[in-house]
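Here the structure comes first, spelled out in structure tokens, and everything after it is commentary.
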Ligand code: HSE
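Residue numbers (my numbering): 46 to 348.
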């Protein structure tokens with residue numbers, strides 16, 4: 046049965062997780078909220094992040110994604126009344142565009158009476174986003190591995206341990222994913238490919254087994270971080286500072302510029318890690334906002 050109106054929450058996400066370029070993602074316990082209901086006339090109000098910069102027209106990414114879901118189902122979309130409460134910063138590597146896409150599709154699907162299954166929503170969201178590693182955890186929650194084969198997206202999800210938390214340091218400048226992808230080389234050495242292949246496989250199995258020592262050992266990468274560090278002043282020092290302060294490891298979140306440190310859930314430890322990351326950025330003349338989050342194992346849902 047189709048529903049009339051609701052509020053949903055969509056998690057922020059971190060892609061790559063070091064060695065899993067375009068393949069790994071994790072959902073964070075940090076959310077955007079969308080209220081959506083059919084109405085007499087279209088309206089969209091945006092509060093919080095992006096209130097002054099995001100389109101408040103039918104060109105808005107949430108609306109376009111909702112429209113794409115209706116089109117896929119072959120149903121005509123009614124005028125929607127939408128309220129967005131945004132907390133995920135834009136262009137910082139925390140999955141704000143995937144949250145909009147997944148929110149729009151999931152919301153539209155609820156309005157249509159859940160016609161689309163998760164696989165169909167994943168395929169559609171990946172097509173709109175262009176790469177699937179943020180949309181998968183936004184949809185499913187937890188740690189996700191995604192692989193494309195024969196035109197189909199294959200996703201595996203495992204839940205993350207409740208003890209695992211993250212400290213994020215977001216510099217006050219944006220980096221567009223387009224720019225962060227343009228800086229990557231078109232080909233890599235066999236040595237670097239094997240390094241990442243082995244690290245990624247070991248990291249995924251470590252998470253599945255809840256082996257935090259395995260995670261700690263594998264949070265390194267040769268495919269994208271060495272190139273992207275040049276776009277994020279102080280990033281290499283932030284990694285070292287976070288680890289020295291007791292983090293399990295620290296990597297670029299998605300395409301940056303946010304740096305994400307993984308840690309056990311210990312308030313003093315997390316404060317120390319956040320302070321160390323902020324200081325390391327400050328030493329490079331970068332102002333960074335610190336956020337401490339749990340992980341999310343559910344993905345998008347009713348709020
Ligand atoms: N895997 C993508 C990249 C994520 O690193 O470019 C973008 O958020």
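Each residue gets a CB set at the ideal place from its N, CA and C atoms; glycine is no exception.
- Distances taken from the Cβ of residue 77 to the heavy atoms of ligand 1 include none shorter than 8 Å.
- Segment contact: the region 57–73 against the region 176–190, three or more CB-CB distances shorter than 8 Å; contact assigned.
- Of the heavy atoms belonging to ligand 1, none sits nearer than 8 Å to the Cβ of residue 244.
- If only complete runs of 3 or more residues are kept, the region 214–254 shows no beta strand (DSSP E) anywhere.
- Per DSSP, the continuous beta strand (DSSP E) segment holding residue 296 begins and ends at 294–297.
- Beta-bridge analysis with DSSP links residue 81 to 51, 127.
- Counting the other CB atoms within 10 Å of its CB gives residue 283 a total of 16 or more, which places it among the buried residues.
- Between residue 146 and residue 174, the beta carbon gap of about 6 Å places them in contact (Cβ cut-off 8 Å).
- Annotation for residue 275 indicates a beta carbon at 8 Å or more from all heavy atoms of ligand 1.
- By the C-beta density criterion, residue 124 is exposed, having fewer than 16 other C-beta atoms within 10 angstroms.
- Proximity of the region 224–242 to the region 305–319 falls short of the contact definition, fewer than three beta-carbon pairs being nearer than 8 Å.
- Near ligand 1, meaning a beta-carbon closer than 7 Å to one of its heavy atoms, we find 60, 61, 66, 67, 138, 140, 176, 178, 179, 222, 225, 226, 269, 299, 300.
- Judged by DSSP secondary structure, residue 305 falls within the beta strand (DSSP E) whose first and last residues are 304–309.
- Boundaries of the beta strand (DSSP E) harbouring residue 92: 88–93, taken from the DSSP string.
- The three-state secondary structure of residue 69, taken from DSSP, is strand.
- Residue 58 counts as buried, since at least 16 other C-beta atoms from the protein chains shown sit within 10 angstroms of its C-beta.
- For the set 177, 90, 247, the Cα lying nearest the Cα of residue 60 is the one of 177.
- For residue 274, no alpha helix (DSSP H) segment is defined, and its DSSP state is neither H nor E.
- Residue pairing for residue 315: DSSP places it in no beta bridge.
- Non-local beta-carbon contacts of residue 226 in its own chain, meaning distances under 8 Å to residues more than five positions away in sequence, involve 300 in chain order.
- Sorting 260, 244, 212, 243 by C-alpha distance to the C-alpha of residue 322 places 212 at the top.
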